[in-house]
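Asker: One structure, pasted below without further comment.
Protein chains: 4
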Amino acid sequence: MEKNNEKENFFPRTDLAIEISDVLKLDQAEDYQIPGVEITEKSIEEGEVKVTRVRILDEEGENQMGKPKGDYITIECPGIKQNNPSLHEKVIDLLAQSITSLLPEHENRPLNVLIIGLGNRFATPDTLGPKVANQVFVTRHVALKAPELIEDDVAHLSSFAPSVMGLTGIETAEIIRGVAENVKPDCIIAIDALAARSVSRINSTIQISDTGISPGAGVGNKRKELNETTIGCKVIAIGVPTVVDTATLVSDTLSEIAKLMAKEADHSPLFDILKEASHDDHYHLVKEALGDEIKELFVTPKEIDEIMEYLSSIISNGINIAVHPCMTLKDINKYTY
Amino acid sequence: MEKNNEKENFFPRTDLAIEISDVLKLDQAEDYQIPGVEITEKSIEEGEVKVTRVRILDEEGENQMGKPKGDYITIECPGIKQNNPSLHEKVIDLLAQSITSLLPEHENRPLNVLIIGLGNRFATPDTLGPKVANQVFVTRHVALKAPELIEDDVAHLSSFAPSVMGLTGIETAEIIRGVAENVKPDCIIAIDALAARSVSRINSTIQISDTGISPGAGVGNKRKELNETTIGCKVIAIGVPTVVDTATLVSDTLSEIAKLMAKEADHSPLFDILKEASHDDHYHLVKEALGDEIKELFVTPKEIDEIMEYLSSIISNGINIAVHPCMTLKDINKYTY
Amino acid sequence: MEKNNEKENFFPRTDLAIEISDVLKLDQAEDYQIPGVEITEKSIEEGEVKVTRVRILDEEGENQMGKPKGDYITIECPGIKQNNPSLHEKVIDLLAQSITSLLPEHENRPLNVLIIGLGNRFATPDTLGPKVANQVFVTRHVALKAPELIEDDVAHLSSFAPSVMGLTGIETAEIIRGVAENVKPDCIIAIDALAARSVSRINSTIQISDTGISPGAGVGNKRKELNETTIGCKVIAIGVPTVVDTATLVSDTLSEIAKLMAKEADHSPLFDILKEASHDDHYHLVKEALGDEIKELFVTPKEIDEIMEYLSSIISNGINIAVHPCMTLKDINKYTY
Amino acid sequence: MEKNNEKENFFPRTDLAIEISDVLKLDQAEDYQIPGVEITEKSIEEGEVKVTRVRILDEEGENQMGKPKGDYITIECPGIKQNNPSLHEKVIDLLAQSITSLLPEHENRPLNVLIIGLGNRFATPDTLGPKVANQVFVTRHVALKAPELIEDDVAHLSSFAPSVMGLTGIETAEIIRGVAENVKPDCIIAIDALAARSVSRINSTIQISDTGISPGAGVGNKRKELNETTIGCKVIAIGVPTVVDTATLVSDTLSEIAKLMAKEADHSPLFDILKEASHDDHYHLVKEALGDEIKELFVTPKEIDEIMEYLSSIISNGINIAVHPCMTLKDINKYTY
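Protein chains in written order, with our numbering: chain A, 137 to 473; chain U, 137 to 473; chain H, 137 to 473; chain W, 137 to 473.
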């Protein structure tokens with residue numbers, strides 16, 4: 137999670153395709169379909185988990201959504217924040233299926249996968265990427281140096297945490313490019329903590345997409361976008377919102393205040409104003425009002441250190457099962473290290 | 137920083153005496169003195185550091201302030217959040233003087249001091265107490281077992297981090313009581329991270345007081361209050377606000393929005409409402425509007441892991457210099473461990 | 137693992153009853169039984185795990201073994217050092233059974249258990265106790281404050297890591313005594329890292345005994361022995377050897393050199409000397425030869441950080457299953473935190 | 137510290153030039169000079185610190201020493217293992233001078249330096265490199281993006297910890313090559329923990345050399361050697377021995393036993409054997425006798441976690457002062473993070 141230059145447009149500021157499609161369908165008929173976009177949903181475990189696949193099919197879809205063509209799968213499960221091993225296993229399973237559906241064809245040879253753990257290992261809500269990078273089952277060096285030790289179809293998995301520019305002095309995209317040029321993977325899987333658009337999504341949503349990453353870069357900086365075109369292999373991104381910025385928290389709360397007032401008999405003028413102002417107007421109002429010092433703060437749950445253990449274990453096990461054909465739910469790693 | 141039952145009264149919800157006296161002096165004449173309270177201020181280092189001593193003298197002062205009789209010294213220094221060694225040394229010096237002024241008389245024998253590091257070592261903004269407990273210069277075991285090794289006037293310092301009830305299943309006050317019964321100190325110094333009342337105070341204010349602590353307890357639970365009366369020795373508390381709750385953040389922002397609107401030509405009705413409503417009214421409005429999930433979140437700076445290193449180093453060195461007569465600024469520990 | 141004054145006698149220097157009985161049976165007939173001692177063994181998982189119960193029955197057994205009357209159960213499993221989830225589950229199961237067999241009677245009321253995690257959390261091979269203390273499923277505070285939330289037969293589990301005297305300045309036994317006086321447990325379970333007598337035992341042996349602990353104390357210091365007599369409740373100790381001292385390593389190696397030479401045709405005089413000298417003679421020879429600096433070193437595997445994760449997870453899950461009647465292998469905690 | 141294929145020759149197995157020259161001068165006249173090698177020594181702080189510069193001048197020197205032409209500066213200071221701030225400052229100063237003497241010419245433009253922290257951040261005695269990489273004062277990103285913020289002569293410092301092949305699945309040399317191709321430094325400074333040849337050197341010797349590194353590679357594997365020829369910029373290596381292998385410990389002890397016996401009146405045959413056998417013979421004898429399991433163990437001081445804090449602080453501050461012209465001993469970073 138490096139700081140991006142803010143994208144200035146009318147789309148909500150979010151990395152999650154599902155939040156954009158939700159906004160586009162607002163105030164539309166129930167069966168409205170966004171042009172150029174195909175959305176399928178399923179509810180699992182009696183509603184405890186919801187999986188949505190947003191497929192952007194063509195240029196019209198890209199314009200509608202403000203995101204590149206490709207697949208965006210979202211697993212929503214508020215329960216993953218708790219220590220619930222059996223629910224976590226279910227999510228690992230769904231995550232493995234989602235990743236598998238996005239992996240490149242590789243016929244009968246082993247897949248060469250490079251895991252990139254984005255983020256700063258010294259800031260707790262940003263440790264997700266580095267933790268996953270340490271927990272996946274790395275095999276490439278064994279495949280190269282002692283191939284007799286591993287099964288023929290085990291993926292050649294390598295893994296790497298490039299840290300963040302503030303700590304290295306080097307643009308993260310350049311480090312990844314340098315490593316990828318040497319490893320020459322069939323596929324990169326990059327894991328990152330995201331900033332959420334909504335307080336309720338923190339640590340409960342996983343997005344898996346196949347359209348690349350832009351570590352620490354503003355949109356439009358082609359040199360820093362890492363995708364199939366720029367780096368020569370498929371780039372799958374796995375992201376989890378782990379914090380919200382303070383402006384989001386405050387504007388969410390203003391909306392709640394407006395709703396609360398709406399229930400009361402006498403409509404105060406504040407209610408009318410808040411009602412009229414759209415949510416995004418609140419956001420800009422709030423953003424302006426927040427001092428620079430407050431803008432630097434972030435909002436996170438008290439149990440964030442513990443939740444990072446759960447999430448990194450879920451994601452690393454999901455990757456292991458997806459890329460190594462011989463691994464199953466029975467082999468999930470019980471130790472986060 | 138364990139969760140207290142909320143104190144229900146018209147005082148602002150704060151652990152800092154200085155925030156209460158600021159409210160009481162609001163809208164009063166400049167030379168107004170709160171009855172039963174004596175306040176002295178000094179500005180140091182060209183205003184980079186401000187030291188305020190609030191002395192509650194009698195019952196009238198207690199009623200005014202809603203806090204027990206005693207001394208509350210506040211060191212304010214926004215610069216301590218940065219990596220600024222020479223400013224940190226200045227604060228260490230001021231902190232050592234403040235602690236020294238509150239230590240009990242001990243004539244010519246060595247002082248027996250028990251350091252208590254309150255808080256949860258697994259939640260970053262709450263690690264201040266445990267970190268300080270690990271960094272003070274512990275001597276009691278040497279004084280008892282190999283007294284020839286240390287100078288006669290070195291304090292007998294012991295140090296202990298009782299963790300939090302959620303991790304131990306034991307009330308923190310009971311653990312402290314059990315340890316204190318065995319160590320029999322002349323003085324306890326307890327360090328804790330606090331919740332701030334104001335976003336601007338996070339990690340920039342240190343309060344030193346001599347009126348005891350109530351770990352994880354509501355006011356009025358005499359069994360959990362640890363002070364000279366209940367535990368038989370002076371109890372000095374050193375507290376630093378390291379987080380604010382989300383309701384504080386939102387209501388602070390509403391006030392800012394009101395100020396912003398006041399500058400604009402046409403007075404909107406929202407402005408009037410926000411202007412009329414006092415800050416504390418915002419807080420209650422906001423508190424009601426926040427969902428339970430949001431109430432569980434907290435607000436903290438991105439650099440919190442790093443700032444905890446600075447603060448724990450400052451406080452442990454301040455304690456070392458205050459209690460060990462032979463230690464000076466030249467001996468400050470350069471390593472936080 | 138605090139430093140004990142060395143026990144000076146002809147028993148091998150070891151905390152493991154099984155190592156003493158092995159020495160006593162050396163050079164005896166195969167069916168020799170140590171007077172006053174009952175030993176039963178079973179081999180499990182095709183020999184991958186071995187469980188031995190040494191029961192010291194009476195004063196004669198105490199004299200023979202140099203250890204107090206009681207049960208000493210040893211689980212030996214070299215495989216636990218590897219990341220092998222299914223083998224770990226087997227050991228958890230055996231450990232839970234062993235603990236259960238030593239727990240006090242408690243009829244139909246819930247058992248009140250206090251977990252004590254001995255050791256220094258800042259020295260990796262000594263972190264076992266503090267890690268387990270953090271990973272057991274703590275319930276006492278819920279049972280006291282919100283009993284409606286938990287089942288009637290769930291144990292009242294509290295947990296505590298007293299650190300070591302070098303860090304606190306307080307004798308560990310005193311801290312435990314102070315906490316136990318407030319918690320009033322039916323049973324204490326103390327976890328500690330031990331020094332091994334043999335290199336091959338490092339991290340592969342778990343001893344469970346019910347005869348108390350002496351944290352940081354020499355034998356015979358009654359004030360520091362914590363057992364049923366001195367503290368008023370049963371004290372179960374769970375210990376794992378995680379390091380060996382350098383003298384043990386060197387004397388073990390000398391024995392190996394002697395064996396190696398024995399295989400060679402021409403018997404060198406060194407062989408004769410090494411052969412004659414018993415293993416314990418080597419130890420004393422070596423101890424004398426080692427400089428003070430070397431004595432302060434210890435020997436540990438390269439993967440010690442990782443192995444501590446496995447061991448703490450195994451032991452905390454074993455305790456959870458033993459004390460909480462409703463927990464089973466299905467509920468084992470997959471996250472070490 | 138990745139495992140190297142063992143160098144098979146008659147030189148002692150060591151990364152320290154000073155240990156080789158010591159062996160070569162053994163049994164020679166006091167004024168003996170190794171051909172092609174220039175050695176200068178100075179003793180500082182009343183003998184508390186010793187600085188030796190071994191300069192290999194030509195091919196004859198290379199053959200004598202078994203190491204490439206260049207400078208090898210060794211700072212020996214047993215006291216750096218203790219918490220001794222003023223002695224540490226002296227060593228920082230000497231280290232900064234040593235690094236400065238090896239930095240490439242760069243006329244009036246700022247030096248572009250890439251710090252490489254070798255080693256495994258999850259194995260305590262191997263954390264030195266990664267810790268230093270995190271503690272140097274990184275400036276390259278500021279120099280590139282906001283040059284107005286920093287002085288013209290501040291070095292462009294970037295910093296990077298490539299982890300180890302066992303965790304990444306990628307050869308460390310390849311990662312460094314990939315990063316260096318993008319950063320294009322004038323000079324690389326690589327920090328690594330070494331295996332010591334002698335127990336007494338652990339954590340008390342720093343070697344600074346300018347002849348390159350071979351991370352995780354055997355001698356003669358040109359592709360993995362990173363030096364001025366292969367990577368196009370000067371490569372300075374800073375190494376500290378932090379562990380010894382078990383064979384070294386045992387053979388050192390055997391030598392001590394021999395010395396001990398020599399003092400006794402009756403010369404036992406063991407003495408004669410041990411006396412005759414050279415130290416390196418012991419080593420091979422011992423190596424053969426040690427089981428595979430024991431070979432995997434290593435020897436380290438109990439306080440290793442703490443000592444890593446001192447060493448990483450000393451080395452990162454030494455680098456800061458050497459490369460950033462405006463930094464002095466007054467600015468040394470008091471916080472290790």
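Idealized CB from N, CA, C, for every residue including glycine.
Every value quoted in this text rests on a predicted model; they were computed, and no experiment measured them.
For Thr260 of chain W, does the three-state DSSP call read helix, strand or coil?
Answerer: What you label residue 260 of chain W is simply residue 124 of the fourth sequence in a count that begins at 1. If DSSP states are grouped into helix, strand and coil, Thr260 of chain W belongs with the helices.
Asker: Determine the burial state of Asn199 of chain U: buried for a count of at least 16 other Cβ atoms within 10 Å of its Cβ, exposed for fewer.
Answerer: For the purposes of this step, residue 199 of chain U is taken as residue 63 along the second sequence, with counting starting at 1. Counting Cβ neighbours within 10 Å, Asn199 of chain U comes out exposed, since fewer than 16 surround it.
Asker: Closer than 6 Å by C-beta to Ile388 of chain W: which residues in its own chain qualify, once you throw out the five before and the five after it? Chain order, please.
Answerer: Translated into the one-based positions of the fourth sequence, residue 388 of chain W becomes position 252. The sequence as given places Asp at residue 388 of chain W; Ile does not occur at that position. Once the five neighbours on either side are set aside, the close Cβ partners of Asp388 of chain W are Val335.
Asker: Which residue spans inside the stretch 425-468 of chain A form an unbroken alpha helix (DSSP H) run of at least 4?
Answerer: Correct list: 428-431 and 440-459.
Asker: Enumerate in chain order the residues of its own chain whose CB-to-CB distance from Ile235 of chain W is below 8 Å, with the five nearest sequence positions on each side excluded.
Answerer: Here residue 235 of chain W is taken as the residue at index 99 of the fourth sequence, counted from 1. These residues qualify, in order along the chain: Ile325, Ile344, Ile372, Ile374, Gly454, Ile455, Ala458 and Val459.
Asker: I'd like to know whether the C-beta atoms of Val422 of chain U and Val376 of chain U end up nearer to each other than 8 Å.
Answerer: One-based indexing of the second sequence puts residue 422 of chain U at position 286. One-based indexing of the second sequence puts residue 376 of chain U at position 240. No, these two residues do not count as a Cβ contact at 8 Å.
Asker: Using 8 Å as the threshold, is the stretch 434-448 of chain A in touch with the stretch 431-439 of chain U, meaning 3 or more CB pairs across them?
Answerer: Yes, the stretch 434-448 of chain A is in contact with the stretch 431-439 of chain U.
Asker: Kindly indicate the opening and closing residues of the beta strand (DSSP E) around Glu181 of chain W.
Answerer: Start at 1 with the first residue of the fourth sequence, and residue 181 of chain W comes out as number 45. Per DSSP, Glu181 of chain W belongs to no beta strand (DSSP E) and is neither H nor E.
Asker: Please confirm whether Leu426 of chain H has its beta-carbon closer than 8 Å to some beta-carbon of chain W.
Answerer: By 1-based counting over the third sequence, the position of residue 426 of chain H is 290. By this cut-off, Leu426 of chain H is an interface position.
Asker: Residues bridged to Ala373 of chain A by DSSP?
Answerer: Locating residue 373 of chain A in the first sequence gives position 237, counting from the first residue. A:Ala326 and A:Ser345, per the DSSP bridge assignment.
Asker: Could you check if Asn318 of chain A is buried or exposed, using at least 16 other CB atoms within 10 Å of its CB as the buried criterion?
Answerer: Residue 318 of chain A sits at position 182 when you count from the first residue of the first sequence. Buried, because 16 or more other Cβ atoms sit within 10 Å of the Cβ of Asn318 of chain A.
Asker: Taking Cβ to Cβ, would you say Asn248 of chain A is nearer than 8 Å to Pro298 of chain A?
Answerer: Taking the first sequence and counting its residues from 1, the one referred to as residue 248 of chain A is at position 112. Taking the first sequence and counting its residues from 1, the one referred to as residue 298 of chain A is at position 162. Cβ distance not < 8 Å, so Asn248 of chain A and Pro298 of chain A don't count as in contact.
Asker: Could you tell me the alpha carbon to alpha carbon distance between Leu426 of chain A and Leu330 of chain U, rounded to whole angstroms?
Answerer: By one-based count along the first sequence, residue 426 of chain A stands at place 290. By one-based count along the second sequence, residue 330 of chain U stands at place 194. Taking the straight line joining both Cα atoms gives about 23 Å.
Asker: Grab the span of the alpha helix (DSSP H) containing Lys154 of chain U for me, first residue to last.
Answerer: Along the second sequence, one-based indexing puts residue 154 of chain U at 18. The sequence given here has Ile at residue 154 of chain U, not Lys. Ala153 to Lys161 is the extent of the alpha helix (DSSP H) around Ile154 of chain U.
Asker: From Val272 of chain H to Arg191 of chain W, what does the alpha carbon distance come to, in whole angstroms?
Answerer: Numbered from its first residue, the third sequence carries residue 272 of chain H at position 136. Numbered from its first residue, the fourth sequence carries residue 191 of chain W at position 55. Distance between the alpha carbons of Val272 of chain H and Arg191 of chain W: 58 Å.
Asker: Less than 8 Å between the CB atoms is what I'm expecting for Ser294 of chain A and Glu212 of chain A, so what's the real figure, rounded?
Answerer: As a first step, residue 294 of chain A must be located in the first sequence, where it is residue number 158. As a first step, residue 212 of chain A must be located in the first sequence, where it is residue number 76. Incorrect: roughly 31 Å between the Cβ atoms, too far for contact.
Asker: Indicate whether Ile175 of chain A and Thr210 of chain A have their beta-carbon atoms separated by less than 8 Å.
Answerer: Taking the first sequence and counting its residues from 1, one reaches residue 175 of chain A at position 39. Taking the first sequence and counting its residues from 1, one reaches residue 210 of chain A at position 74. No, the Cβ-Cβ distance between Ile175 of chain A and Thr210 of chain A is not below 8 Å.
Asker: Kindly provide the ranges of any alpha helix (DSSP H) runs that are 4 or more residues long and lie completely inside the stretch 184-219 of chain A, ordered along the chain.
Answerer: 195-201, all fully within the stretch 184-219 of chain A.
Asker: Under three-state DSSP, which class holds His242 of chain W?
Answerer: Your numbering for residue 242 of chain W matches position 106 in the fourth sequence. His242 of chain W: coil per DSSP, three-state reduction.
Asker: Residues in its own chain within less than 7 Å of Leu160 of chain W by CB, not counting five upstream and five downstream?
Answerer: Counting from one through the fourth sequence, the residue named residue 160 of chain W turns up at place 24. So the qualifying residues of the chain are Ile170 and Gln200.
Asker: For Val249 of chain U, report the span of its beta strand (DSSP E) as first-last.
Answerer: Locating residue 249 of chain U in the second sequence gives position 113, counting from the first residue. From DSSP, the beta strand (DSSP E) with Val249 of chain U extends over Asn248 to Gly253.
Asker: Tell me the start and end of each unbroken beta strand (DSSP E) in the stretch 282-330 of chain W that is at least 3 residues and wholly inside, in chain order.
Answerer: Segments of the beta strand (DSSP E) lying fully in the stretch 282-330 of chain W: 292-296.
Asker: If we call anything under 8 Å between Cβ atoms a contact, is Leu152 of chain H one with Met444 of chain H?
Answerer: Taking the first residue of the third sequence as position 1, residue 152 of chain H is located at position 16. Taking the first residue of the third sequence as position 1, residue 444 of chain H is located at position 308. No.
Asker: Near Gln233 of chain A, what residues of its chain come up, given a Cβ to Cβ distance below 7 Å and the 5 sequence neighbours on each side ignored?
Answerer: Numbered from 1 along the first sequence, position 97 holds the residue referred to as residue 233 of chain A. Closer than 7 Å at Cβ, skipping near neighbours: no residue.
Asker: Answer yes or no: do Thr365 of chain A and Arg333 of chain A have a C-beta to C-beta separation smaller than 8 Å?
Answerer: What you label residue 365 of chain A is simply residue 229 of the first sequence in a count that begins at 1. What you label residue 333 of chain A is simply residue 197 of the first sequence in a count that begins at 1. Cβ atoms of Thr365 of chain A and Arg333 of chain A: not closer than 8 Å.
Asker: Could you round the C-beta distance between Ile228 of chain A and Ile450 of chain A to whole angstroms and report it? I think they count as a contact, below 8 Å.
Answerer: Stepping through the first sequence from its first residue, residue 228 of chain A is reached at position 92. Stepping through the first sequence from its first residue, residue 450 of chain A is reached at position 314. Correct: roughly 5 Å between the Cβ atoms.
Asker: Tell me which residues share the same chain as Gly135 of chain W and place their Cβ nearer than 6 Å to its Cβ, disregarding the 5 neighbours each side in the sequence.
Answerer: Since the first residue of chain W shown is 137 and the last is 473, residue 135 of chain W is not available in this structure.
Asker: Can you name the residues that DSSP bridges to Glu225 of chain H?
Answerer: Against the third sequence, residue 225 of chain H aligns to sequence position 89. DSSP output for Glu225 of chain H lists no bridge partner at all.
Asker: I need the boundaries of the alpha helix (DSSP H) containing Glu166 of chain A, first residue and last residue.
Answerer: For this step, residue 166 of chain A is matched to residue 30 along the first sequence. Looking at the DSSP string, Glu166 of chain A is not in any alpha helix (DSSP H), and its letter there is neither H nor E.
Asker: Establish whether the CB of Thr436 of chain H and some CB of chain W are separated by less than 8 Å.
Answerer: Looking up residue 436 of chain H in the third sequence gives position 300. So, interface residue.
Asker: Short of 8 Å in beta carbon distance, which residues of its chain neighbour Pro204 of chain W, apart from the five on each side in sequence? Order them along the chain.
Answerer: What you label residue 204 of chain W is simply residue 68 of the fourth sequence in a count that begins at 1. Hits under 8 Å: Ile192, Glu198, Thr347, Gly348 and Asn363.
Asker: In chain H, which residues lie less than 8 Å from Ala447 of chain W when you measure between Cβ atoms?
Answerer: Numbered from its first residue, the fourth sequence carries residue 447 of chain W at position 311. As written in the sequence, residue 447 of chain W is Leu, which differs from the Ala given in the question. Within 8 Å Cβ-Cβ: nothing; Leu447 of chain W doesn't reach chain H, min ~16 Å.
Asker: DSSP three-state call for Thr150 of chain H: helix, strand or coil?
Answerer: The count along the third sequence starts at 1 and reaches residue 150 of chain H at position 14. Coil, per DSSP.
Asker: Should Pro246 of chain H go down as buried or exposed, given a rule of 16 or more other Cβ atoms within 10 Å for buried?
Answerer: Taking the third sequence and counting its residues from 1, one reaches residue 246 of chain H at position 110. Buried.
Asker: Under a three-way DSSP split, which group does Thr365 of chain U fall into?
Answerer: Stepping through the second sequence from its first residue, residue 365 of chain U is reached at position 229. Of the three classes helix, strand and coil, the one that applies to Thr365 of chain U here is helix, per DSSP.
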